[in-house]
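Counting in my numbering, the sequence shown runs from 50 upward without gaps.
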Amino acid sequence: MKVFLIFLFFLSNLYSQSQIDVTKSISNTTIYDIINDGESVWAASYGNGIYRYLLKDKKWINYSTQNNKLSIDFFYCIASDGETVFAGSTDGLFIFDKKRNVWTKRKFGKGGQLGNWIRALEYDKDENVIWIGRFMYLTKYDLTSKKFTDYDLTVNKDVKTNTIKVIKTDGDSLVWFGTENGLHKYNKTKGTPEDNSIVFYNNRLNYFNRDGKSISVSSLLFDQNNVWIGLDEFITKENPNYNIGGLYLFDRLNEWERFDEGRGFKGNGIYDLAITGNKIWVSLYQFSLNSRESYGRGLAILDKNNYKIVPIDDDRIPQSIFCLYFDGTNLWLGTNQGVIQVEFKNDFVTNFRESLAKK
Numbered sequence: 050m051k052v053f054l055i056f057l058f059f060l061s062n063l064y065s066q067s068q069i070d071v072t073k074s075i076s077n078t079t080i081y082d083i084i085n086d087g088e089s090v091w092a093a094s095y096g097n098g099i100y101r102y103l104l105k106d107k108k109w110i111n112y113s114t115q116n117n118k119l120s121i122d123f124f125y126c127i128a129s130d131g132e133t134v135f136a137g138s139t140d141g142l143f144i145f146d147k148k149r150n151v152w153t154k155r156k157f158g159k160g161g162q163l164g165n166w167i168r169a170l171e172y173d174k175d176e177n178v179i180w181i182g183r184f185m186y187l188t189k190y191d192l193t194s195k196k197f198t199d200y201d202l203t204v205n206k207d208v209k210t211n212t213i214k215v216i217k218t219d220g221d222s223l224v225w226f227g228t229e230n231g232l233h234k235y236n237k238t239k240g241t242p243e244d245n246s247i248v249f250y251n252n253r254l255n256y257f258n259r260d261g262k263s264i265s266v267s268s269l270l271f272d273q274n275n276v277w278i279g280l281d282e283f284i285t286k287e288n289p290n291y292n293i294g295g296l297y298l299f300d301r302l303n304e305w306e307r308f309d310e311g312r313g314f315k316g317n318g319i320y321d322l323a324i325t326g327n328k329i330w331v332s333l334y335q336f337s338l339n340s341r342e343s344y345g346r347g348l349a350i351l352d353k354n355n356y357k358i359v360p361i362d363d364d365r366i367p368q369s370i371f372c373l374y375f376d377g378t379n380l381w382l383g384t385n386q387g388v389i390q391v392e393f394k395n396d397f398v399t400n401f402r403e404s405l406a407k408k
């Protein structure tokens, strides 16, 4: 515990060049998702296609309309099974065969054009499938049989419960689907996502403490006993209690705890979450009532042991951070100014990482 608090002190107060290296890459583009397939770091950009960082060569390459390697440049998400890369765009699913170095495109008939706006992808290694979250409908792509299967998750005729924003696997049996109005928990051992294998959470029945009028899920994290759920903030003068945002800690049973501006965050909107040991990294934003736009509010760290929140202030890191990815050594940030790679290098942090590895 003492080591962790010292670490927070270094991050929030010193955070100097001697403590960390901050590397900015592929500037002047917006990055919405980052993954690591073991050989490369992949980044999905909104406006400049797909970027690939070759870890061995330490070099970025680009796939986009500018070099005729892709037919579209607007991407929201990316995933990989190690051999193939999947990228979700505003106009369908793009599939990259690493051996052939070729991209192909797959469009979906169900849901029309909105059904081809793909905002979430997740590789399920236990089932060897890719879960595809579309603006309308959920799709499972079986990598063994090469079969696509569509599912309708609509609850009580509310179409927003079928608009997928985030997908995360949880252990070997659960998959969670976050939507614009609620959260689905799917148990793979009990059937398909369209039958009784689904549990649905919104702000009724005391879920999310009944906060707000609607629950739009933006990000998910899991530890052994809890689910961490980040929500979107969207409020207006007419509906100031519509989507109130916040980070929720759910004990998987009945208890819900909310973290927001009143607890130390600089904004109630949550872009993304990452976990390293006993700390949760949270990228934040604030929704403006006047302009009806979102403004990035930087990073914060939440200590899981005592729920202390520490904001991270560093001029080298942009305020708008849309995605977070920790690979065990580096924290990768997808921002409105490109990719930021934060590498912890000194002996103090090396010892800290070693202590995490023992947990």
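Backbone N, C-alpha and C fix where the C-beta goes; we use that ideal spot for every residue, glycine too.
> Looking at C-beta atoms only, is the number of pairs between the segment 149-158 and the segment 170-179 that lie closer than 8 Å three or more?
Replying inline: Judged by pairs of C-beta atoms under 8 Å, the segment 149-158 does not touch the segment 170-179, as fewer than three such pairs exist.
>> Using CA atoms only, rank isn't needed, just tell me which of 217, 152 and 153 is closest to residue 181.
In response: Locating residue 181 in the sequence shown gives position 132, counting from the first residue. The candidate whose alpha carbon is nearest that of residue 181 is 217.
> What span of residues does the beta strand (DSSP E) with residue 335 cover, start to end?
Replying inline: Residue 335 sits at position 286 when you count from the first residue of the sequence shown. Looking at the DSSP string, the run of the beta strand (DSSP E) that includes residue 335 is 328-336.
> Is it true that the CB of residue 79 sits closer than 8 Å to the CB of residue 96?
Replying inline: Counting from 1 along the sequence shown, the entry for residue 96 is found at position 47. Counting from 1 along the sequence shown, the entry for residue 79 is found at position 30. Result yes, Cβ atoms of residue 96 and residue 79 sit closer than 8 Å.
> When the Cα atoms are used, what is the spatial distance from residue 149 to residue 74?
Replying inline: Translated into positions along the sequence shown, residue 149 becomes position 100. Translated into positions along the sequence shown, residue 74 becomes position 25. The C-alpha of residue 74 is placed about 27 Å away from the C-alpha of residue 149.
> Rounded to a whole number of angstroms, what is the C-alpha to C-alpha distance between residue 381 and residue 134?
Replying inline: The residue you call residue 381 lines up with position 332 of the sequence shown. The residue you call residue 134 lines up with position 85 of the sequence shown. For residue 381 and residue 134, the distance between alpha carbons rounds to 18 Å.
> Beta-carbon separation of residue 126 and residue 137 under 8 Å?
Replying inline: Within the sequence shown, the letter at position 77 stands for residue 126. Within the sequence shown, the letter at position 88 stands for residue 137. Cβ atoms of residue 126 and residue 137: closer than 8 Å.
> Rounded to whole angstroms, how far is the Cβ of residue 264 from the Cβ of residue 230, which I believe are closer than 8 Å?
Replying inline: One-based indexing of the sequence shown puts residue 264 at position 215. One-based indexing of the sequence shown puts residue 230 at position 181. Going by Cβ atoms, the distance from residue 264 to residue 230 rounds to 6 Å, so yes, they are a contact pair.
>> Buried or exposed for residue 151, going by 16 or more other Cβ atoms inside 10 Å?
In response: Residue mapping note: residue 151 aligns to position 102 of the sequence shown, counting from 1. Here residue 151 is exposed: its Cβ has fewer than 16 other Cβ atoms, across all protein chains shown, within 10 Å.
> Going by C-alpha distance, which of 356, 366, 353 and 328 is nearest residue 345?
Replying inline: Position 296 of the sequence shown, counted from the start, is the residue given in the question as residue 345. Of 356, 366, 353 and 328, the residue nearest in Cα terms is 366.
> Going by the CB atoms, is the gap between residue 276 and residue 301 shorter than 8 Å?
Replying inline: Within the sequence shown, residue 301 is the residue found at index 252, counting from 1. Within the sequence shown, residue 276 is the residue found at index 227, counting from 1. The criterion of a C-beta distance shorter than 8 Å is satisfied by residue 301 and residue 276.
>> Taking the alpha carbon of residue 305 as the reference point, which residue from 202, 83, 251 and 374 has its own alpha carbon closest?
In response: Counting from 1 along the sequence shown, the entry for residue 305 is found at position 256. Closest in alpha carbon position to residue 305, among 202, 83, 251 and 374, is 251.
>> Distance check for residue 213 and residue 228, CA to CA, integer angstroms please.
In response: For the purposes of this step, residue 228 is identified with residue 179 of the sequence shown, where counting begins at 1. For the purposes of this step, residue 213 is identified with residue 164 of the sequence shown, where counting begins at 1. If I take the Cα positions, the gap works out to 4 Å.
> Which whole-angstrom value describes the C-beta separation of residue 392 and residue 70, a residue pair presumed to lie in contact below a C-beta threshold of 8 Å?
Replying inline: Your numbering for residue 392 matches position 343 in the sequence shown. Your numbering for residue 70 matches position 21 in the sequence shown. Residue 392 to residue 70, Cβ: 4 Å. Contact.
> Going by the CB atoms, is the gap between residue 320 and residue 371 shorter than 8 Å?
Replying inline: The residue you call residue 371 lines up with position 322 of the sequence shown. The residue you call residue 320 lines up with position 271 of the sequence shown. Yes, the Cβ-Cβ distance between residue 371 and residue 320 is below 8 Å.
>> What I want to know is whether the C-beta of residue 256 ends up closer than 7 Å to one or more non-hydrogen atoms of the ligand PLP.
In response: Among the components modelled here there is no ligand, and therefore nothing to report on the ligand PLP.
> Buried or exposed: residue 340, going by 16 or more other Cβ atoms within 10 Å of its Cβ?
Replying inline: Counted from its first residue, the sequence shown places residue 340 at position 291. Residue 340 is exposed by the Cβ-count criterion.
> From residue 284 to residue 260, what does the alpha carbon distance come to, in whole angstroms?
Replying inline: What you label residue 284 is simply residue 235 of the sequence shown in a count that begins at 1. What you label residue 260 is simply residue 211 of the sequence shown in a count that begins at 1. Rounded to the nearest whole angstrom, the C-alpha separation of residue 284 and residue 260 is 13 Å.
> Is it buried or exposed for residue 286, if we count other Cβ within 10 angstroms and need 16 for buried?
Replying inline: Along the sequence shown, read from residue 1 onward, the residue named residue 286 stands at position 237. Its Cβ having fewer than 16 others within 10 Å, residue 286 is exposed.
> What does DSSP give as the partner residues of residue 20 in its beta bridges?
Replying inline: The requested residue 20 is not part of the displayed model; the chain covers only 50 to 408.
> Roughly how many angstroms lie between the CA atoms of residue 245 and residue 254, to the nearest whole one?
Replying inline: For the purposes of this step, residue 245 is taken as the residue at position 196 of the sequence shown. For the purposes of this step, residue 254 is taken as the residue at position 205 of the sequence shown. Computed Cα separation, rounded: 18 Å.
> Are residue 258 and residue 307 touching if we call contact CB-CB under 8 Å?
Replying inline: Locating residue 258 in the sequence shown gives position 209, counting from the first residue. Locating residue 307 in the sequence shown gives position 258, counting from the first residue. Pairing residue 258 with residue 307 gives a Cβ-Cβ distance under 8 Å.
> From residue 179 to residue 187, what does the alpha carbon distance come to, in whole angstroms?
Replying inline: Here residue 179 is taken as the residue at index 130 of the sequence shown, counted from 1. Here residue 187 is taken as the residue at index 138 of the sequence shown, counted from 1. Cα-Cα distance, rounded: 11 Å.
>> As a quick exercise: from 195, 90 and 76, pick the residue whose alpha carbon is nearest that of residue 379.
In response: Here the question's residue 379 lines up with position 330 in the sequence shown. Closest option to residue 379, judged by alpha-carbon separation, among 195, 90 and 76: 90.
>> So, with DSSP's three-state summary, where would you put residue 190?
In response: Start at 1 with the first residue of the sequence shown, and residue 190 comes out as number 141. Note: residue 190 maps to strand in three-state DSSP.
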